[in-house]
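**Student:** Dumping the structure here so I can ask a few things about it.
Chains as they are written, first to last, in our numbering: chain A, -17 to 400; chain B, 131 to 672.
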């Protein structure tokens, strides 16, 4: 056999050819990033401050319970208040935080804090979680507003410094068609009208084009018209769902809204907020809370079950929260008052680990819960699950530096971070 | 027998003539009301206007800003109508306006508006939002409608503003007989034992009348909080409570609101028991009188001519109504590190020195150069221009103004007290339904939020739009389409009715071409009205 000659030409020729295989291996190793479907959030908003003792954090047999009984769940050692049977069945998919603490005991301020992750600040309006999702997650193919609030009150979710175009689209009970979405005239006249409108707009914009553009009037009209002709509008209508499915959620406006929310996330809506009001039980707590629990429980459980069945639970996060909880002590008129130090929030899906309970409140009604979770921490957790950096610093339009959330994620709540 | 026939013929003829007379546009649009030029020519008034103008010109020079050119008279008239009555001038009013010589037009229009019942009603509603909020309140003890009506009466009578506020603070009696007491009873809640709430009242008094947010101090005691840079001064919880104590002897009994005995007690965290708080004022103690009930003393202190916050807060509010944006933002917090134009003090001093006359204040502001500037220009005004009032600021119209605009824009006649009761009833129902869907900005009306898709949908496809622009006998569309006006004048009439301006050459060219095409004229005029109502221009104050 000839000795291996090592002259330059051969050397280069052989080694380069040899290295060439690296390209192929390199290609194989450079795995394309997994195509992640952007996630959605459904926020079940309990306006008024739901009593944790009558919902997610009962202390049966203790004085603070005021007689409220508890029921078992498939999770060992975890009980829910009586009335929450439907939710108890789904506890394997649900994570509970029982030690939420905020410093806001006022309804408006507490609502703001829980919907944005920050305490009210006179110098800036923070965006709600839905606005952040719409802003950060890719869009495309959704002709209807991607941020919706069903059965809203006056504090529906806002876009804040991200812009008013991220304000939630407000709509009512899904039994009613979305109002004002049909033009009065045929397509030919409609075209004439739009031409006429553009002539009028052009005349007004002369000498003030920047300011007129900033009004977003024409932009909003364009979006409204897109919505009018969209197939996705049907997502608001729950009457086409099978009766069995509708019954699961309960025959209440809230239940219907939860079903509509599921349909909306399926056509690309990023965040749906549904309000259930009436939890502010300063008097007659037990009597007033009972029907609310009866509304919430089947709707929440029905939603989780439905999402699981359709295989979309891992991309859809359901959050149940109110602005604060209620006092362990029952007041002289049988009610409970505001209690922001140690209240409950429930989460399911969208990257949240099910079957987990974080934190504990004092069975004797003391103010300091074990393992407290601040609102900022909750937001950091939610954003981490959804894939958005919460602590990236960016600037608002007027140059103020902001972050999406202050605090750190609670690892116990996130899948893949055990 | 034949007499009956003659009578019948006469009546029919008379009826037809009357109908015809009403349907035809008025031959000679003489102004229906008189005006008092002297009110605008008085030297004292002109001097204040001149000083305000000079202060702005000085500031523009410092900032290197050239103000925009003056806006047309019609534009200014539209601003005044929207700001003071919540509606646009009707075509009828525009004709009367243009009948007068140019330098009399705006003085006539301002007086015309100030005399109109619509002004009293609209201003009453805007003030009521600041005084009692927008919520329904406890029906047993509270009648919002009566309160607003009463406020409207005071405005019609031009009650001096300080007297009005004193009446509110010291009101007593039953909320049904003495509507001013609703200012107090709106705060009655079950959790305050069905008694007026001193904390809430003190908060309202300081925000609405003094332009101070003292009530933040109730929970955020200065020493516990980080410095909030927006505030020039931080209030202490004790100062706020001292003010609340002035309402500590106000009770709700069988005869309504009255002042009696008692103390203002709060729960002391440290001693775990009740503690008496004495009534004290947070500044200008020398203005507090020694005699009278607590509320009487407070009322005198709040409205004292030397209490600078009172006049300034009033000026800020009236400025905001006219311009769509307050001089100092937010409207109920005058303490700020930001630059405050000297106009605030100039106007406040004049206001206090002239009997706190709201109408005089309105006349002065409406006569300033800043109020008459155009919102656009060549070169286009920048954001700095708007901030410094070197261009008239564009602001989104409130839902009531948009609704009022749509309703008025669909009628050539003015819809006011003289209108047929049927017209007025229709207006009320349309208004309520529209507002329900259009949404309400609530109390914080000058926040400048963006428009929403539902609002656009309502104007594009809503029932109010459809009914109001329909081509029929009674709408502006119908009357203008059926009139004998030529194409150019038809288009002009539509523009004047809806946008209170004349069309540009380009707009005339487009719509003349449309009108010349074959097809029913009424439908084309309908489409024109639709376009005008859905334009940016219609929904914004400029």
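Note that CB positions come from ideal geometry on N, CA and C, so glycine has one too.
State the Cα-Cα distance for the pair residue 618 (chain B) and residue 466 (chain B), rounded to the nearest angstrom.
**Tutor:** One C-alpha to the other measures close to 52 Å.
**Student:** Less than 8 Å separating the beta-carbons of residue 443 (chain B) and residue 182 (chain B)?
**Tutor:** No, Cβ-Cβ distance for residue 443 (chain B) and residue 182 (chain B) is not below 8 Å.
**Student:** Residues of chain B with CB under 8 Å from residue 189 (chain A), in chain order?
**Tutor:** Neighbours of residue 189 (chain A) on chain B, chain order: 504, 506, 507, 508 and 510.
**Student:** In terms of residues, what are the limits of the beta strand (DSSP E) holding residue 602 (chain B)?
**Tutor:** Careful: residue 602 (chain B) lies outside any beta strand (DSSP E) and carries neither H nor E.
**Student:** Mind checking if residue 626 (chain B) is an interface residue toward chain A, Cβ cutoff 8 Å exclusive?
**Tutor:** Cβ-Cβ to chain A under 8 Å: no for residue 626 (chain B).
**Student:** Could you tell me the distance, in whole angstroms, from the CA atom of residue 208 (chain A) to the CA atom of residue 243 (chain B)?
**Tutor:** Roughly 41 Å between the two C-alpha positions.
**Student:** How many Å lie between residue 148 (chain A) and residue 98 (chain A) at the Cα?
**Tutor:** Their backbone Cα atoms lie some 13 Å apart in a straight line.
**Student:** Counting only C-beta atoms, is residue 202 (chain A) closer than 8 Å to chain B at any point?
**Tutor:** With 8 Å as the cut-off, residue 202 (chain A) counts as an interface residue toward chain B.
**Student:** Tell me which residues share the same chain as residue 216 (chain B) and place their Cβ nearer than 6 Å to its Cβ, disregarding the 5 neighbours each side in the sequence.
**Tutor:** Within the same chain, residue 216 (chain B) has close Cβ partners 252, 530, 531 and 534.
**Student:** What do you reckon, are the CB atoms on residue 432 (chain B) and residue 491 (chain B) nearer than 8 Å?
**Tutor:** Going by C-beta atoms, residue 432 (chain B) is not nearer than 8 Å to residue 491 (chain B).
**Student:** Just the C-alpha distance for residue 332 (chain B) and residue 73 (chain A), rounded to the nearest angstrom, thanks.
**Tutor:** So the alpha carbons of these two residues sit roughly 48 Å apart.
**Student:** If you draw a straight line from the C-alpha of residue 620 (chain B) to the C-alpha of residue 639 (chain B), how long is it?
**Tutor:** Rounded to the nearest angstrom, the two C-alpha atoms are 13 Å apart.
**Student:** Does residue 321 (chain A) come out as helix, strand or coil in the three-state DSSP assignment?
**Tutor:** Reduced to three states, the DSSP call for residue 321 (chain A) is strand.
**Student:** Under 7 Å, CB to CB, which of the residues in the segment 588 to 613 of chain B have a partner in chain A?
**Tutor:** Answer in chain order: 588, 590, 591, 592 and 596.
**Student:** How would you list, in chain order, the residues of chain C whose beta-carbon sits under 7 Å from the beta-carbon of residue 665 (chain B)?
**Tutor:** In the structure shown, chain C cannot be found, because the protein chains are A and B.
**Student:** Start and end of the alpha helix (DSSP H) containing residue 254 (chain A)?
**Tutor:** Taken as a continuous stretch (DSSP letters only), residue 254 (chain A) belongs to no alpha helix (DSSP H), being part of the beta strand (DSSP E) at 253 to 259.
**Student:** Taking only beta-carbon positions, decide if residue 582 (chain B) is within less than 8 Å of chain A.
**Tutor:** For residue 582 (chain B), the answer is yes, since a Cβ of chain A falls inside 8 Å of its Cβ.
**Student:** Going residue by residue through the segment 197 to 266 of chain B, where are the continuous alpha helix (DSSP H) segments of at least 4 residues, counting only ones entirely within it?
**Tutor:** Runs of the alpha helix (DSSP H) inside the segment 197 to 266 of chain B: 203 to 215, 221 to 229, 232 to 245 and 247 to 262.
**Student:** Specify, as a first and last residue, the run of the beta strand (DSSP E) that residue 388 (chain B) falls within.
**Tutor:** Its beta strand (DSSP E) spans residues 386 to 389.
**Student:** Give the single residue among A:176, A:287, A:265 and A:116 whose Cα lies nearest to the Cα of residue 228 (chain A).
**Tutor:** Comparing Cα positions, the closest option is A:287.
**Student:** Three or more C-beta pairs closer than 8 Å, one from the segment 136 to 148 of chain A and one from the segment 600 to 610 of chain B: is that the case here?
**Tutor:** The answer is no - the segment 600 to 610 of chain B does not touch the segment 136 to 148 of chain A, with fewer than three Cβ pairs under 8 Å.
**Student:** Could you name each continuous alpha helix (DSSP H) segment of 4 residues or more that falls completely within the segment 597 to 660 of chain B, going from the start of the chain to the end?
**Tutor:** As far as the segment 597 to 660 of chain B is concerned, its whole alpha helix (DSSP H) runs of at least 4 residues are 606 to 612, 617 to 629 and 635 to 646.
**Student:** What are the start and end residues of the alpha helix (DSSP H) that includes residue 441 (chain B)?
**Tutor:** Its alpha helix (DSSP H) spans residues 438 to 453.
**Student:** Would you verify that the beta carbon of residue 356 (chain B) is, or is not, closer than 8 Å to some beta carbon of chain A?
**Tutor:** Residue confidence is low: residue 356 (chain B) scores 44 on pLDDT, short of 50, so the model does not pin down where it sits. Its coordinate-derived value is still stated next. No, no contact with chain A.
**Student:** At which residues does the alpha helix (DSSP H) containing residue 283 (chain B) begin and terminate?
**Tutor:** Start and end: 274 to 286.
**Student:** List the residues of chain A that residue 634 (chain B) touches, going by C-beta distances under 7 Å, in chain order.
**Tutor:** Per Cβ cutoff of 7 Å: 185.
**Student:** Mind listing, in chain order, the continuous beta strand (DSSP E) runs of no fewer than 3 residues lying wholly within the segment 144 to 173 of chain A?
**Tutor:** You should have 151 to 153.
**Student:** Would the segment 52 to 63 of chain A count as touching the segment 352 to 362 of chain A if we require 3 or more Cβ pairs under 8 Å?
**Tutor:** As far as the Cβ criterion goes, the segment 52 to 63 of chain A does not touch the segment 352 to 362 of chain A, which means the pair count is below three.
**Student:** Of the residues that make up the segment 204 to 226 of chain A, which ones have a beta carbon closer than 8 Å to any beta carbon in chain B?
**Tutor:** Cβ contacts with chain B come from 205, 206, 207, 209 and 210.
**Student:** How is residue 27 (chain A) classed by DSSP in three states: helix, strand or coil?
**Tutor:** It is a strand residue.
**Student:** Name, going along the chain, the residues of the segment 129 to 151 of chain A whose beta-carbon falls closer than 9 Å to a beta-carbon of chain B.
**Tutor:** Those would be 136, 140, 141, 145, 146, 147, 149 and 151, in chain order.
**Student:** Pop quiz: residue 361 (chain A) and residue 389 (chain A) are said to be a contact at Cβ under 8 Å. What is the actual Cβ separation, rounded to whole angstroms?
**Tutor:** 7 Å between Cβ atoms; contact.
**Student:** Return the residue from the list A:251, A:203, A:217 and A:46 that minimises the CA-CA distance to residue 669 (chain B).
**Tutor:** Among A:251, A:203, A:217 and A:46, the Cα nearest to that of residue 669 (chain B) belongs to A:203.
**Student:** Strictly below 7 Å CB to CB, what residues from chain A border residue 670 (chain B)?
**Tutor:** Here the neighbours are 197.
**Student:** Mapping DSSP to helix, strand and coil, what is residue 55 (chain A)?
**Tutor:** Residue 55 (chain A): coil per DSSP, three-state reduction.
**Student:** Quick one: list the residues of chain B neighbouring residue 378 (chain A), beta-carbon separation under 7 Å, in chain order.
**Tutor:** Neighbours of residue 378 (chain A) on chain B: none; closest Cβ ~15 Å, over 7 Å.
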